[in-house]
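Here the protein sequences line up with chains B and P, keeping their order. If you count the first sequence from 1, position 195 lands on 194 in numbering that gives the first Met the number 0, and the numbers rise without skipping. If you count the second sequence from 1, position 24 lands on 23 in numbering that gives the first Met the number 0, and the numbers rise without skipping. Here a beta-carbon is modelled for each residue, glycine too, at the ideal position from N, C-alpha and C. Predicted, not measured: the structure shown is a model, and the values here were computed from it. The next block holds one structure in the form of structure tokens; read it before the comments.
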Amino acid sequence: MSPAVLIAVAIVLPPLLRIIYTSVHGPALSLTSYAEVVKSNLFRETLRTTFIIAGSASVLSLLLGFIVALHLARQPAQRRTALMVLVLLPFWTSILVKCFAFTIILGRDGIINSLLSWIFDTRIQLPLVLNRIGTLVGMTNYLIPLIVLPVLASLLAIDSTIYRAASIMGAKPARIFWTVTVPMSLPGVFAGLLSIFVMSLGTFIIPALLGGRRDQMLSNLVDFYNRQVLDWAKASSISIVLFGIAAAFIIPLILWRRRKA
Amino acid sequence: MSDDPVLGSRIAHTIALKGISKMFGSVTALHATDLSVEKGEFLTLLGPSGSGKTTLLNLIAGAIGPTTGAILLDGRDITTMPPRERGIGMVFQNYALMPHMTVFENVAYPLRVRREPAKTIQVKVTAALDRVGLRGFGDRKPRQLSGGQQQRVGIARCIVYSPAIIMMDEPLGALDKNLREQMQGEIKRLHRELGTTVIYVTHDQEEALNMSDRICLMNGGQIAQLGTPDELYFRPRSRFVAEFIGESNLFSGRMNSDGRIVIAEAQLIAGPDNRWTEGTEVLVMVRPERVKIGHADGFAKGHTNVLNGEVTSTSFIGGMTRVTVKADNGLNISAKMVSGHAETRPELGARVRLCWSSSDVVVVGN
Numbered sequence: 000m001s002p003a004v005l006i007a008v009a010i011v012l013p014p015l016l017r018i019i020y021t022s023v024h025g026p027a028l029s030l031t032s033y034a035e036v037v038k039s040n041l042f043r044e045t046l047r048t049t050f051i052i053a054g055s056a057s058v059l060s061l062l063l064g065f066i067v068a069l070h071l072a073r074q075p076a077q078r079r080t081a082l083m084v085l086v087l088l089p090f091w092t093s094i095l096v097k098c099f100a101f102t103i104i105l106g107r108d109g110i111i112n113s114l115l116s117w118i119f120d121t122r123i124q125l126p127l128v129l130n131r132i133g134t135l136v137g138m139t140n141y142l143i144p145l146i147v148l149p150v151l152a153s154l155l156a157i158d159s160t161i162y163r164a165a166s167i168m169g170a171k172p173a174r175i176f177w178t179v180t181v182p183m184s185l186p187g188v189f190a191g192l193l194s195i196f197v198m199s200l201g202t203f204i205i206p207a208l209l210g211g212r213r214d215q216m217l218s219n220l221v222d223f224y225n226r227q228v229l230d231w232a233k234a235s236s237i238s239i240v241l242f243g244i245a246a247a248f249i250i251p252l253i254l255w256r257r258r259k260a
Numbered sequence: 000m001s002d003d004p005v006l007g008s009r010i011a012h013t014i015a016l017k018g019i020s021k022m023f024g025s026v027t028a029l030h031a032t033d034l035s036v037e038k039g040e041f042l043t044l045l046g047p048s049g050s051g052k053t054t055l056l057n058l059i060a061g062a063i064g065p066t067t068g069a070i071l072l073d074g075r076d077i078t079t080m081p082p083r084e085r086g087i088g089m090v091f092q093n094y095a096l097m098p099h100m101t102v103f104e105n106v107a108y109p110l111r112v113r114r115e116p117a118k119t120i121q122v123k124v125t126a127a128l129d130r131v132g133l134r135g136f137g138d139r140k141p142r143q144l145s146g147g148q149q150q151r152v153g154i155a156r157c158i159v160y161s162p163a164i165i166m167m168d169e170p171l172g173a174l175d176k177n178l179r180e181q182m183q184g185e186i187k188r189l190h191r192e193l194g195t196t197v198i199y200v201t202h203d204q205e206e207a208l209n210m211s212d213r214i215c216l217m218n219g220g221q222i223a224q225l226g227t228p229d230e231l232y233f234r235p236r237s238r239f240v241a242e243f244i245g246e247s248n249l250f251s252g253r254m255n256s257d258g259r260i261v262i263a264e265a266q267l268i269a270g271p272d273n274r275w276t277e278g279t280e281v282l283v284m285v286r287p288e289r290v291k292i293g294h295a296d297g298f299a300k301g302h303t304n305v306l307n308g309e310v311t312s313t314s315f316i317g318g319m320t321r322v323t324v325k326a327d328n329g330l331n332i333s334a335k336m337v338s339g340h341a342e343t344r345p346e347l348g349a350r351v352r353l354c355w356s357s358s359d360v361v362v363v364g365n
């Protein structure tokens, strides 16, 4: 094992073992809390919400991020580097700061509603935050830089003479896009999509600050059992289930990447 | 003209460039150039890198637009037409195959673009793969093929839609020497069988000499000389052409009254050439393989252009051996002789006698 792996293991493993221990150590050493979690309607519904939000946010981020990556790929190298900084800027900003910024932008009397009110000269208060829209805006904003990078890498890996060849053979831009660009960027798209999906499974702050009651995800449920119910065994067992789900998605991706390399 | 009912282009096409030029910013990549390629002709654009041959190719393909001039395909102006409408085919140095498609799908691509029926596609792709010797390779992916096979796919993909003009941009540049020579033969055969007009770009003069009907030798953004391989080799019109194609001994001299050329006290006898008047400074060329080399007391009388000298270097380059001689009059002359065993080669410092016939003295220019 390399030093980096050793450090990671040393930092991650003890707290993880501690959580596993807590999850089975209720009144007695048992799997009761897992059984209760699985049976609970709240857990089932939250799990469903988690998948729906993570899935739709990932797909939305992919669609928007693909357009950004496509534009970046067509720029000269120097200009591309400058534009990359713009893409990464929100990535370097604290997620808390961004969430508060979105409440100001999307709020009942926020920038967007004020602007619409002024344009239509009437009071408009579209519900853009503390609901699914707010959650998805926050999630997409968080995920786009993470999907742009792998997609851009796979777009840049496409040999430009293939585009020239297709064009000389008579293909129009739309056909070139669907027969060359899309299929050849698919590996990057697939890997990127899976990794942002897994990342968004564990989102906590965004649904907590920008979502409503119906947008709470598994991390928020962990927080709920931890701080409101004070049932640490259940909180831990939900964490472990979430960890297992994430692993179930990420391990095939790692294996696939290793096989490709 | 064409013996292939499926792939043969019934009519070969002509392309003509009228005063075409290209500036990149303030840099002139191509000076105003006229060039016409005849029906079914194999024309090679030859030249060192930066000579303008790739610019010329890209202008014809439509990848870039000219600064001045017009491009005519069969007399029709295509100067501003986008590449996809020109009906031109191109073979690339790095093959430019679609890695995610099979060989069949790659070759079928231009036909699918043209919305040809599936049955026609099947027939034409099979015929094209047959032509390039890749029958049965349709289901493979390009990465499962060797470089030579990939370029055959590139050629099949080009001939399959019978383009008006086929352009080849250093198509054999990525292959090793033996394979390159074999592929040269195959491209020539395909050209003969299909009768298509081909514009071929290379920086390899042997490739150009071997394959072309005509060679357009480029230098510094303009045509240095346009002619058949024989014309360029035996009748170069400038120092650049004489030096770029083959090896050459070049001498500066002056015409005297009886048609001889005086060089450094020696007299060279050239073939009859009435382009130059007495006293003109001229540049003359003798190809090393035309220089005979013999013993210092050799060569019977009747030989012209006889010089004595001393061997300063020999190099064995396979079939030929190059011998450099410093003649007694100060000229350095390179001669090429058919190689024999080491003991038959002249030794360094040996006295030798050189001679060449007056018909081998070519006046390049003045």
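Does DSSP put G39 (chain P) in a helix, in a strand, or in coil? In this structure, G39 (chain P) counts as coil in the three-state DSSP scheme.
Please determine, among B:S236, B:A190, B:I94 and B:T202, the residue with the shortest C-alpha to C-alpha distance to L28 (chain B). Ranking B:S236, B:A190, B:I94 and B:T202 by Cα distance to L28 (chain B) puts B:S236 first.
Roughly how many angstroms lie between the CA atoms of P2 (chain B) and I111 (chain B), to the nearest whole one? 50 Å
Return the Cβ separation of L174 (chain P) and M182 (chain P) in integer angstroms, given the expectation that the two are a contact with Cβ distance under 8 Å. Sure, about 6 Å apart at Cβ, within 8 Å.
C-beta atoms of L87 (chain B) and V188 (chain B) nearer than 8 Å: no
Anyone know if the C-beta pair for P235 (chain P) and I222 (chain P) falls short of 8 Å? no
Pairing CB atoms from the region 187-201 of chain P with CB atoms from the region 41-51 of chain P, are three or more of them under 8 Å? yes
In whole angstroms, what separates the C-alpha of N328 (chain P) from that of V305 (chain P)? 11 Å
Inspect the beta-carbon positions of S166 (chain B) and I157 (chain B) and report whether they are closer than 8 Å. no
Below 8 Å between beta carbons: does that hold for Q92 (chain P) and D168 (chain P)? yes
Taking 8 Å as the CB-CB limit, is P251 (chain B) close to chain P? no
What residues in the region 144-162 of chain B bring their beta carbon closer than 8 Å to a beta carbon of chain P? Answer in chain order: D158, T160 and I161.
Selection from P:N248, P:G252, P:A207 and P:G219 that minimises the alpha carbon distance to E230 (chain P): P:A207
Reduced DSSP category for S1 (chain P) - H, G, I as helix; E, B as strand; rest coil: Summary for S1 (chain P): the model assigns pLDDT 49, below 50, so the residue's position carries little reliability; its value from the coordinates is reported in the next sentence. Coil.
For a test of the three-state rule: what should DSSP assign to E169 (chain P), helix, strand or coil? coil
Could you tell me whether any Cβ in chain B is nearer than 8 Å to the Cβ of V322 (chain P)? no
Cβ-based neighbour list, G366 (chain P), same chain, cut-off 7 Å, excluding 5 preceding and 5 following: No information on residue 366 (chain P) is available, as it lies outside the stretch 0 to 365 that chain P covers here.
Is there at least one Cβ from chain B nearer than 8 Å to R274 (chain P)'s Cβ? no
Looking only at its chain, what residues have a beta carbon closer than 7 Å to the beta carbon of M0 (chain P), apart from the 5 residues adjacent to it on each side? Reliability of the predicted coordinates at M0 (chain P) is poor, the pLDDT of 46 falling under 50, and no value is obtained from them.
Am I right that A155 (chain P) and A127 (chain P) are in contact with their C-beta atoms under 8 Å? What's the rounded C-beta distance? 4 Å
Expected contact under 8 Å - CB spacing of P141 (chain P) and Q150 (chain P) to nearest Å: Not a contact, Cβ separation roughly 10 Å.
One question on the structure: do E288 (chain P) and K335 (chain P) come within less than 8 Å of each other, judged by their Cβ atoms? yes
Segments of 3+ residues assigned as beta strand (DSSP E) that fall wholly inside the region 121-159 of chain P: none
Quick one: which chain P residues come within Cβ less than 7 Å of G169 (chain B)? For the C-beta of G169 (chain B), the chain P residues within less than 7 Å are, from N- to C-terminus, R83, P109, V112 and R113.
Give the DSSP-derived three-state secondary structure of Y94 (chain P) in the structure shown. Here Y94 (chain P) sits in coil by DSSP.
With a threshold of 16 other CB atoms inside 10 Å of the CB of K233 (chain B), please say whether the residue is buried or exposed. buried
Please list the partners that N93 (chain P) has in chain B, where partner means a Cβ-to-Cβ separation under 8 Å. D158 and T160
Between which two residues does the alpha helix (DSSP H) holding I262 (chain P) run? Per DSSP, I262 (chain P) is not a residue of any alpha helix (DSSP H); the beta strand (DSSP E) it occupies stretches across R259 to I262.
When DSSP builds the beta bridges, which residues end up paired with F435 (chain P)? There is simply no residue 435 (chain P) to check, as chain P begins at 0 and stops at 365 in what is shown.
Segments assigned beta strand (DSSP E), at least 3 residues, entirely inside the region 327-363 of chain P: 331-337 and 350-354
What's the call for V11 (chain B), buried or exposed, on a 16-neighbour Cβ count within 10 Å? exposed
Could you say which of B:L30, B:L5 and B:L129 lies nearest to P206 (chain B) if we only look at CA atoms? Closest option to P206 (chain B), Cα to Cα, is B:L129.
Could you work out which residues of chain C lie near A60 (chain P), taking near to mean beta carbons separated by less than 7 Å? The structure shown contains no chain C; its protein chains are B and P.
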